[in-house]
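*Asks:* Handing you a structure now.
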Amino acid sequence: MLTKRIIPCLDVRNGRVVKGVNFEGLRDVDDPVTLARFYNDSGADELVFYDITASFEGRPLFADALKRVAAEVFIPLTVGGSINTLDDFDRVLKCGADKVSVNSGAIRNPSLIEEAAKRYGDQCVVLSMDIKRVNGSFHVFAKGGREDTGLDAIQWVKYGADHGAGEVVVNSIDTDGVRGGFDLPMLTAIGDAVSLPLIASGGAGTREHFVTLFQLPRVDAGLAASIFHSREVDIRELKAYLAENGVPMRL
Amino acid sequence: MIAIVDYGVGNLYSLHCSLKHIGAESVVTREESVLRAAEKIILPGVGAFGDAAAKLHALKLDGLLQALAAQGKPLMGVCLGMQLLFDEGLEYGTHQGLGLIPGQVIPLAPEAQGRKVPHMGWNSLDILKPEDPLMAGIPQGAYVYYVHSYYATQCDEALVATSAYGAKVAGVVRRGSVCGTQFHPEKSGEVGLAILASFAKGGV
């Protein structure tokens, strides 16, 4: 039976993990390899690395970190952040990424989705969307959620599915950081629009939120960052709890 | 030494790293002399069947792999590499495979009972032939990581393990010294590493 997936997301700047990582008992918690190994040992089903390096100089540091992770951690790795061209796909795939998520880069240049899918296969192209309600409809935002593109999220995800995206990440700006639970209406709307694997992001605060999330049959995975990094929710305990509640899990 | 066939398709870095991790030496190559000298061969691959088959042909690797398999050299296909072991694939037209295992690769039926295509994620193995060397130490129901939209059919004799995804997906197959996994062992955690180790270090 295909399981639901739990995916921690790590933000990386200049080759180091940043943002609210607060682990006891781990030396050098900012090292991507240390954290990747920890999450792998905790039963994470995949890892997402987000390159938030603002400068060009940070790229080689990210590549090096990714290579070191891929040499030691043998579960799927997705890379996002600053993916604007096929060369960017090439750059991270060569370092051991399995999937590449596109966001602002695809909004600026929608043909990137199709070009990447043709060269690397649909399974490699993840369409990541930052979505917020505007006047009663779902708008896609760019630049890390700061800019309303005016794009309708339903139209955009359908475009992505038709042009070779193999998976979709829905990050709800409305619920992100609030820790009041995932954005179930938004996830339902996107899930009904396309038949691609769907990853939910934004709003996780407790393990109960994941139980509720997976009651939506069209959601395949839950992604979170801070609650895992802060150790408020332990992935192994979370997965056991979900299994007890009837959610198929790899334990 | 294990040769990983480099024909311009797929993530060879992870495969190489995973073999290194389990203590198996490997080389990424498309050189005939290296492939002939290798003790065992892994045929990886992601992407489309037709493209990949055409690339193998253009590099004259199809005939070479067929000849080496006929000599009994252990050959393991991974993901699209496994699909290429079969007679033919129906992805964007009909394309000839290597014909090393009888069977046909066809599309997963889209979304009949809420199933999505691609079949992506961790699925459990139903092991039909626990005595197969690749399954040594692998418990019934072990989870492995799949990403694919096509699957092998009409290959019942070759089935070693399957996974349920609407259809019975051929997960592990074997015919003599030719074997393959539809899932990615190099991305399937400890279970995948154990399967790779069985191939790398086992008798066949």
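Line by line, the protein sequences give chains H and G. Using this note's numbering, read the first sequence as starting at 1399 and increasing by one per residue. Using this note's numbering, read the second sequence as starting at 3 and increasing by one per residue. Glycine included, C-beta positions come from ideal geometry on N, C-alpha and C.
(1) Using a cut-off of 7 Å between C-beta atoms, extract the partners of L1491 of chain H located in chain G.
(2) By the 10 Å Cβ neighbour count, where 16 or more other Cβ atoms means buried, how is Q1553 of chain H classified, buried or exposed?
(3) Which whole runs of the alpha helix (DSSP H) in the stretch 41–93 of chain G are 4 residues long or more, in chain order?
(4) With distances taken Cα to Cα, identify the nearest neighbour of P1595 of chain H among G:D8, G:V119, G:E41 and G:I140.
(5) Show which residues of chain H have a CB atom less than 9 Å away from the CB atom of L195 of chain G.
(6) Please classify L67 of chain G: is it buried, with 16 or more other beta-carbons within 10 angstroms of its beta-carbon, or exposed?
(7) What residue range is occupied by the uninterrupted beta strand (DSSP E) comprising M122 of chain G?
(8) Tell me, please, whether the CB atom of G123 of chain G is closer than 8 Å to any CB atom in chain H?
(9) Taking the alpha carbon of T1483 of chain H as the reference point, which residue from H:I1473, H:N1507 and H:P1583 has its own alpha carbon closest?
(10) Is D1560 of chain H close to chain G? Criterion is C-beta to C-beta, closer than 8 Å.
(11) Sort G:P104, G:P141 and G:A166 by Cα distance to A111 of chain G and report the nearest one.
(12) Return the residues of the stretch 44–66 of chain G that lie within a Cβ-Cβ distance of less than 8 Å from chain C, sorted by chain order.
(13) Please identify the residue among H:V1416, H:T1476 and H:K1516 whose C-alpha is closest to the C-alpha of E1444 of chain H.
(14) So with CB distances below 8 Å, who are the chain H contacts of Y145 of chain G?
(15) Classify Y15 of chain G as helix, strand or coil using the three-state DSSP reduction.
(16) Would you tell me roughly how many angstroms separate the C-alpha atoms of H1561 of chain H and S1509 of chain H, rounded to the nearest one?
(17) For the stretch 120–131 of chain G and the stretch 143–155 of chain G, state whether three or more C-beta atom pairs, one from each stretch, are separated by less than 8 Å.
(18) Tell me, which residues are paired with G182 of chain G by DSSP?
(19) Please report the residue range of the beta strand (DSSP E) in which N1438 of chain H lies.
(20) Which residues in chain H have a C-beta closer than 7 Å to the C-beta of S126 of chain G? List them in chain order.
(21) Relative to the C-alpha of P187 of chain G, which candidate in G:E90, G:F88 and G:S16 has its C-alpha closest?
(22) Provide the residue span of the alpha helix (DSSP H) that contains E34 of chain G, from first to last.
(23) Would you give the residue range spanned by the alpha helix (DSSP H) that G1503 of chain H belongs to?
(24) Quick one: what does DSSP say A1598 of chain H is sitting in, helix, strand or coil?
*Replies:* If we stick to the structure as given:
(1) Within chain G, N13 have C-beta atoms less than 7 Å from the C-beta of L1491 of chain H, given in sequence order.
(2) With fewer than 16 other Cβ atoms from the protein chains shown falling within 10 Å of its own Cβ, Q1553 of chain H counts as exposed.
(3) Those alpha helix (DSSP H) runs which fall completely within the stretch 41–93 of chain G and span 4+ residues are 51–60, 63–72 and 82–85.
(4) Residue G:V119 is the option with its Cα nearest to P1595 of chain H.
(5) In chain order, F1472 make up the part of chain H whose C-beta sits under 9 Å from the C-beta of L195 of chain G.
(6) Its Cβ being crowded by 16 or more others within 10 Å, L67 of chain G is buried.
(7) From DSSP, the beta strand (DSSP E) with M122 of chain G extends over H121 to S126.
(8) Yes, G123 of chain G lies at the interface with chain H (some Cβ there is under 8 Å from its Cβ).
(9) Nearest in C-alpha terms to T1483 of chain H, of all of H:I1473, H:N1507 and H:P1583, is H:N1507.
(10) For D1560 of chain H, the answer is no, since every Cβ of chain G falls outside 8 Å of its Cβ.
(11) Answer by Cα proximity: G:A166.
(12) Although the question refers to chain C, the structure presented lacks it and instead comprises the protein chains H and G.
(13) Distance check between E1444 of chain H and each of H:V1416, H:T1476 and H:K1516 places H:T1476 closest, using alpha-carbon atoms only.
(14) Under the 8 Å cutoff, chain H gives T1401 and R1648.
(15) DSSP, read as helix, strand or coil, puts Y15 of chain G in helix.
(16) Just so you know, the alpha carbons of H1561 of chain H and S1509 of chain H end up roughly 8 Å apart.
(17) By the Cβ criterion, the stretch 120–131 of chain G is in contact with the stretch 143–155 of chain G, since at least three pairs of Cβ atoms, one from each stretch, lie closer than 8 Å.
(18) G182 of chain G pairs with G:G79 and G:V175.
(19) Counting along the chain, N1438 of chain H falls outside any beta strand (DSSP E), though it belongs to the alpha helix (DSSP H) covering P1430 to D1439.
(20) Per Cβ cutoff of 7 Å: M1399.
(21) Nearest in C-alpha terms to P187 of chain G, of all of G:E90, G:F88 and G:S16, is G:S16.
(22) It spans E34 to A39 - the alpha helix (DSSP H) in which E34 of chain G sits, taken as one unbroken run.
(23) G1503 of chain H: member of the alpha helix (DSSP H) spanning S1502 to R1506, first to last residue.
(24) Three-state DSSP puts A1598 of chain H in a strand.
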